[in-house]
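Residue numbers (the working numbering), protein chains in the order written: chain A, 7 to 220; chain B, 7 to 220. C-beta atoms are modelled at their ideal positions from N, C-alpha and C, and glycine is treated no differently.
2 protein chains.
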Amino acid sequence: MKKKLITAIVVCNGVLCDAECVAQQIRRADLVLAADGGARHLAALGLIPDVIIGDMDSLDPDLLDRYSAAEVIRHPRRKDKTDTELAVELAQDRGAGRVLLLGAFGGRPDHVLGHISLLSRFPGILEIRETGMRIRALQGQILTCIDVPPGGLVSLVPFPEAWGVTTRGLEFSLNSESLTPGTRGISNRVSGTPAWLRVEGGGLLLCSRENGFD
Amino acid sequence: MKKKLITAIVVCNGVLCDAECVAQQIRRADLVLAADGGARHLAALGLIPDVIIGDMDSLDPDLLDRYSAAEVIRHPRRKDKTDTELAVELAQDRGAGRVLLLGAFGGRPDHVLGHISLLSRFPGILEIRETGMRIRALQGQILTCIDVPPGGLVSLVPFPEAWGVTTRGLEFSLNSESLTPGTRGISNRVSGTPAWLRVEGGGLLLCSRENGFD
Chain A
7 MKKKLITAIV
17 VCNGVLCDAE
27 CVAQQIRRAD
37 LVLAADGGAR
47 HLAALGLIPD
57 VIIGDMDSLD
67 PDLLDRYSAA
77 EVIRHPRRKD
87 KTDTELAVEL
97 AQDRGAGRVL
107 LLGAFGGRPD
117 HVLGHISLLS
127 RFPGILEIRE
137 TGMRIRALQG
147 QILTCIDVPP
157 GGLVSLVPFP
167 EAWGVTTRGL
177 EFSLNSESLT
187 PGTRGISNRV
197 SGTPAWLRVE
207 GGGLLLCSRE
217 NGFD
Chain B
7 MKKKLITAIV
17 VCNGVLCDAE
27 CVAQQIRRAD
37 LVLAADGGAR
47 HLAALGLIPD
57 VIIGDMDSLD
67 PDLLDRYSAA
77 EVIRHPRRKD
87 KTDTELAVEL
97 AQDRGAGRVL
107 LLGAFGGRPD
117 HVLGHISLLS
127 RFPGILEIRE
137 TGMRIRALQG
147 QILTCIDVPP
157 GGLVSLVPFP
167 EAWGVTTRGL
177 EFSLNSESLT
187 PGTRGISNRV
197 SGTPAWLRVE
207 GGGLLLCSRE
217 NGFD
């Protein structure tokens with residue numbers, strides 16, 4: 007029998023903004039994992055994760071004691087992956103077809119870069135959610151909808167470059183063009199629906215947010 | 007006559023930590039540019055940039071008036087590049103052989119990604135400095151020293167992947183191995199000097215910090 011694909015949330019140890027919005031997302035998720043010190047964010051929201059995973063080097067032991075209702079998976083400190091990557095792998099093992107990373111930004115800068123790198127390890131599965139923005143990795147030949155209403159913000163960041171990029175429904179259109187390293191694709195705006203994006207090859211980070219510019 | 011290569015600092019509109027350390031770096035630089043709203047950080051430190059560049063959409067007009075001693079380069083709002091990219095290009099045009107980006111993290115997440123993408127547009131020239139960490143892009147075949155004392159933190163983030171990676175003087179060594187998307191290269195530590203890194207091909211972000219783990 008095919009396993010049912012579920013939505014999981016991994017809470018990382020970076021900075022968590024928009025507490026109320028985050029709490030709503032967490033309540034809607036099928037599976038909630040805290041990557042080590044990320045558990046502190048859940049504690050602050052009065053929520054209990056299903057699983058706490060990591061080497062527990064950034065988690066207050068008192069907090070761990072308080073979370074007796076959560077499953078705790080402890081990894082050795084000398085390991086090949088960060089706690090976040092272990093959490094995403096576990097979510098996938100438990101049937102997650104979609105994994106949202108919260109608190110991925112704002113922590114140690116190399117951890118932020120690691121979280122971004124993870125996106126392209128799990129394209130189509132993993133998303134970063136950050137201050138109302140969705141960040142996804144697109145790789146190779148792909149066609150995707152940009153499900154944001156007119157006025158919404160869209161940024162395309164080459165990772166490290168993409169070719170044959172075509173967009174429709176955006177204020178600045180691309181017509182089978184290449185995006186090379188740089189900031190050319192930042193701060194576009196949805197002008198009509200349906201907005202969509204086609205890429206022939208390479209890699210791209212697609213950032214979208216329902217509300218427009220700051 | 008060959009132009010003298012100078013060190014420039016570009017202050018972005020993200021979050022600026024370590025005010026005192028930042029002020030020292032700025033005082034040592036040959037050329038200081040504020041990318042639009044980044045000027046607010048300089049104002050808070052009581053410093054005047056040589057140049058303010060951008061579309062001025064994120065800068066308080068009163069602040070701009072106060073900066074009559076600075077050169078102001080105003081670009082149209084509808085443009086192909088962010089204010090930060092324009093600032094880095096200008097720094098290079100004015101002879102900068104090294105450009106340090108401050109305040110690159112902590113702002114809008116797509117801007118953070120754009121700053122990271124810029125690193126690989128200017129490898130060997132551009133560096134992000136963030137909470138004591140240096141972040142540089144390495145591309146193609148390269149050998150570089152990791153000039154950090156024993157105990158210092160080193161993270162290697164594939165961007166999006168690198169092959170033939172060899173390290174020496176680090177706690178966890180790599181021997182002509184590939185780094186694929188993920189977090190395997192995060193949180194290494196310098197164990198002996200000289201520490202160095204060789205890459206045969208691909209792309210990599212090298213993060214280093216003199217002091218070790220948080």
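Practice task
Measure from the C-beta of Pro-187(B) to each C-beta in chain A and report whether the shortest distance is under 7 Å.
Solution key: yes
Exercise for the section: Tell me, please, which residues DSSP counts as bridged to Glu-133(A). Expected result: Leu-106(A)
Exercise for the section: Return the CA-CA distance between Gly-52(A) and Asp-89(A), expressed in angstroms with no decimal places. Expected result: 22 Å
Handout entry: Straight-line Cα distance separating Leu-124(B) from Gly-209(A)
Key = 15 Å
Exercise for the section: Kindly list the residues whose CB is nearer than 7 Å to the CB of Ala-76(B), restricted to its own chain and excluding five residues on each side of it in sequence; keep chain order. Expected result: Excluding positions up to five away in sequence, the list reads Ile-54, Pro-55, Asp-56, Val-57 and Ile-58.
Practice task
Please classify Val-154(B): does DSSP put it in a helix, a strand, or coil?
Solution key: coil
Exercise for the section: May I ask which residues mark the beginning and end of the alpha helix (DSSP H) holding Gly-209(A)? Expected result: Looking at the DSSP string, Gly-209(A) is not in any alpha helix (DSSP H); the run it does join, the beta strand (DSSP E), is 207-215.
Handout entry: When His-81(A), Ile-32(A) and Ala-41(A) are compared against Cys-2(A), the one with the closest alpha-carbon
Key = Because chain A is modelled from 7 through 220, residue 2(A) falls outside the range shown and cannot be assessed.
Problem - CB contact check: Thr-173(B) to chain A, cutoff 7 Å - result: False, the Cβ-Cβ gap to chain A never drops below 7 Å.
Practice task
Determine whether the Cβ of Gly-20(B) lies closer than 7 Å to any Cβ atom of chain A.
Solution key: Chain A contact via Cβ: absent.
Exercise for the section: With distances taken Cα to Cα, identify the nearest neighbour of Gly-20(A) among Asn-217(A), Asp-68(A), Ile-134(A) and Glu-95(A). Expected result: Ile-134(A)
Exercise for the section: Please decide whether Ser-214(B) counts as near chain A, where near means a Cβ-Cβ distance under 7 Å. Expected result: no
Problem - Same chain, Cβ closer than 8 Å to Arg-46(B), five either side skipped, listed in chain order - result: A distance below 8 Å between beta-carbons, with the five flanking residues on each side excluded, links Arg-46(B) to the following residues of its chain, in chain order: Asn-19, Leu-65, Asp-66 and Leu-69.
Problem - the segment 87-109 of chain B: positions lying closer than 8 Å to chain A by Cβ - result: Across the segment 87-109 of chain B, CB contacts with chain A closer than 8 Å involve Lys-87, Thr-88, Thr-90 and Glu-91, in sequence order along the chain.
Problem - Beta-carbon spacing of Gly-120(A), Gly-157(A) below 7 Å - result: In this structure, the beta-carbon distance from Gly-120(A) to Gly-157(A) does not fall below 7 Å.
Problem - Cβ distance (whole Å) where Asn-194(A) is taken to contact Glu-177(A) below 8 Å - result: 6 Å
Practice task
Return helix, strand or coil for Val-16(B), following the three-state DSSP convention.
Solution key: strand
Handout entry: Short CB-CB distance (under 7 Å) between Gly-138(A) and chain B
Key = no
Practice task
Return no unless some Cβ of chain B is closer than 7 Å to the Cβ of Gly-60(A).
Solution key: no
Exercise for the section: Let me know the secondary structure DSSP gives Ser-123(B) once reduced to three states. Expected result: Three-state result, Ser-123(B): helix.
Exercise for the section: Establish whether the CB of Val-205(B) and some CB of chain A are separated by less than 7 Å. Expected result: no
Exercise for the section: Decide if the segment 105-113 of chain B is in contact with the segment 197-209 of chain A; the criterion is three or more beta carbon pairs, one per stretch, under 8 Å apart. Expected result: no
Exercise for the section: Excluding the 5 residues preceding and the 5 following Leu-11(A) in the sequence, name in chain order all residues of the same chain whose CB lies nearer than 8 Å to its CB. Expected result: Gly-101, Ala-102, Gly-103 and Arg-104
Exercise for the section: Report the residue from Ile-122(A), Leu-132(A) and Asp-153(A) whose alpha carbon sits nearest the alpha carbon of Pro-164(A). Expected result: Ile-122(A)
Handout entry: Proximal residues to Asp-36(B) (C-beta, below 6 Å), its chain only, five neighbours per side dropped
Key = Ile-12 and Thr-13
Practice task
Give the single residue among Gln-147(A), Arg-204(A) and Asp-116(A) whose Cα lies nearest to the Cα of Gly-175(A).
Solution key: Cα-wise, what sits closest to Gly-175(A) is Arg-204(A).
Handout entry: is_contact[Ser-197(B), chain A] using C-beta, thresh 7 Å
Key = no
Practice task
May I ask which residues mark the beginning and end of the beta strand (DSSP E) holding Pro-187(B)?
Solution key: Per DSSP, Pro-187(B) belongs to no beta strand (DSSP E) and is neither H nor E.
Exercise for the section: Find out if the Cβ-Cβ distance for the pair Leu-39(A), Ala-93(A) is shorter than 7 Å. Expected result: yes
Problem - Range of the contiguous beta strand (DSSP E) that encloses Ile-79(B) - result: 77-80
Practice task
Verify the CB distance criterion: does Val-17(A) have a CB-CB separation below 7 Å to chain B?
Solution key: no
Exercise for the section: Tell me whether Ser-180(A) sits in a helix, a strand or coil according to DSSP, three-state version. Expected result: The question names Ser, but residue 180(A) in the sequence shown is Leu. Leu-180(A) sits in coil when the DSSP states are folded into three classes, being neither helix nor strand.
Problem - Any chain B beta carbon closer than 7 Å to Gly-209(A) - result: yes
Handout entry: Every unbroken beta strand (DSSP E) inside the segment 16-102 of chain A [3 residues or more]
Key = 37-41, 57-60 and 77-80
Practice task
Return the bridge partner residues of Ile-141(A) from the DSSP annotation.
Solution key: Answer by DSSP bridge pairing, in chain order: Ile-134(A) and Cys-213(A).
Handout entry: Gly-26(A) classed as buried or exposed, judged by whether at least 16 other C-beta atoms fall within 10 angstroms
Key = Checking the displayed sequence, the identity of residue 26(A) turns out to be Glu instead of Gly. Exposed is the call here.
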